[in-house]
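Okay, structure first, notes after.
Residue numbers (the working numbering): 136 to 422.
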């Protein structure tokens with residue numbers, strides 16, 4: 136009996152040590168993710184850029200009972216750079232303003248950002264001075280965090296863009312989309328950017344274009360659980376509404392499954408389910 140009890144205590148002790156070690160490792164990775172994000176936030180302030188949103192994917196998901204690796208995205212802006220790029224292609228607003236993701240992958244803290252080459256390929260941009268200016272400003276912020284640019288292997292013009300059209304004006308479409316999104320009880324609103332209004336401050340006339348930022352921490356957390364890097368592109372949700380040639384509006388947003396495949400080479404059911412949910416919701420708002 137003594138032997139059995141001693142063996143039992145030993146096994147329990149080993150289990151406790153293992154669990155403690157795992158918790159310590161998880162805490163250490165979370166701290167590293169937080170530190171990387173903090174360095175980016177400090178650099179943004181020092182560079183005089185405008186912070187648009189700071190989103191802690193994992194902690195928001197945890198509040199909804201969903202576990203995922205540490206993941207935090209910082210969205211920040213420079214109206215001059217936004218305007219210079221949007222003059223060439225208004226659809227590039229889907230990947231503006233700047234975005235940097237600090238996240239954990241396989242127990243290691245990493246940093247990834249949307250680079251100018253990503254914009255160039257996805258939106259067919261050719262204005263090299265504008266792209267160089269984008270790269271320089273981004274480098275000023277990401278240097279301390281030592282991150283990598285998002286992958287472009289497999290990327291192509293309009294890759295992963297879901298497009299809807301409507302007879303509604305931009306203002307009407309934005310209002311309807313905002314209302315229908317916020318009527319959902321699992322959704323958080325993060326803000327919006329009026330790119331035409333920004334351009335006006337630069338003395339540039341730009342066609343109407345508004346970027347809406349929002350997300351569902353629970354569904355998003357499930358979609359990112361094994362794919363945390365898609366927190367850069369697919370979460371939060373980015374919905375660009377811009378003026379169509381016929382007086383109506385065009386709405387574009389990211390295909391979540393496509394971005395999982397870009398970053399990881401595969402996608403999962405939650406990605407496709409969210410695509411279907413979002414498309415159905417937006418189509419209803421645009422009728």
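Glycine included, C-beta positions come from ideal geometry on N, C-alpha and C.
Query	Result
If you reduce the DSSP assignment to three classes, tell me which class residue 336 lands in.	helix
If we ignore side chains and look at the alpha-carbon of each, how far apart do residue 286 and residue 398 end up?	7 angstroms
So what does DSSP say about residue 288, is it helix, strand or coil?	coil
Which class does residue 201 belong to by DSSP, given the choice of helix, strand or coil?	coil
When the Cα atoms are used, what is the spatial distance from residue 354 to residue 238?	18 angstroms
Since residue 388 is in the beta strand (DSSP E), which residue starts that stretch and which ends it?	384 to 389
Hey, residue 179 and residue 371: beta-carbon distance below 8 angstroms or not?	no
What is the DSSP secondary structure of residue 306, reduced to helix, strand or coil?	helix
Does DSSP put residue 313 in a helix, in a strand, or in coil?	helix
Return yes when the Cβ of residue 219 is within less than 8 angstroms of the Cβ of residue 275, no when it is not.	no
Spell out whether any CB of chain C is found under 8 angstroms from the CB atom of residue 266.	Absence of chain C from the displayed structure is noted, only one protein chain being present.
Give every residue of the same chain whose Cβ lies closer than 6 angstroms to the Cβ of residue 407, excluding the five residues on either side of it in the sequence, and list them in chain order.	392
Could you pull the start and end residues of the beta strand (DSSP E) that residue 245 belongs to?	243 to 248
Please go through the same chain and pick out, in chain order, the residues whose beta-carbon is closer than 8 angstroms to the beta-carbon of residue 177, but skip the five residues on each side of it.	279
According to DSSP, is residue 207 helix, strand or coil?	strand
Distance, Cα to Cα, residue 385 vs residue 193?	32 angstroms
Where does residue 343 land, buried or exposed, given buried means 16+ other C-beta within 10 angstroms?	buried
Roughly how many whole angstroms lie between the Cα atoms of residue 181 and residue 422?	45 angstroms
Starting from residue 226, trace the beta strand (DSSP E) in both directions and tell me its first and last residue.	It is not in any beta strand (DSSP E) - residue 226 carries neither H nor E in the DSSP assignment.
Cutting at 8 angstroms between CB atoms, please list the residues of its own chain near residue 423, excluding the five before and the five after it.	Residue 423 falls outside the range modelled here, since the chain spans only 136 to 422, and no answer is possible.
Below 8 angstroms on the Cβ atoms is my contact criterion, and I expect residue 108 with residue 195 to pass it. Report the Cβ-Cβ distance as a whole number of Å.	The first residue shown for the chain is 136 and the last is 422, placing residue 108 beyond what the model contains.
Could you tell me whether the region 213 to 231 touches the region 326 to 346, using the rule of 3 or more Cβ pairs below 8 angstroms?	yes
Please determine, among 217, 309, 415, the residue with the shortest C-alpha to C-alpha distance to residue 335.	217
With the cut-off set at 8 angstroms, would you say residue 254 and residue 273 are in Cβ contact?	no
Could you check where the beta strand (DSSP E) with residue 325 kicks off and where it finishes?	323 to 329
Kindly list the residues whose CB is nearer than 7 angstroms to the CB of residue 396, restricted to its own chain and excluding five residues on each side of it in sequence; keep chain order.	402
Using a Cβ-Cβ cutoff of less than 7 angstroms, which residues in the same chain neighbour residue 300 once the five nearest sequence positions on both sides are dropped?	379, 383, 385
Can you check whether the CB of residue 308 is closer than 8 angstroms to the CB of residue 376?	yes
Where does residue 212 land, buried or exposed, given buried means 16+ other C-beta within 10 angstroms?	buried
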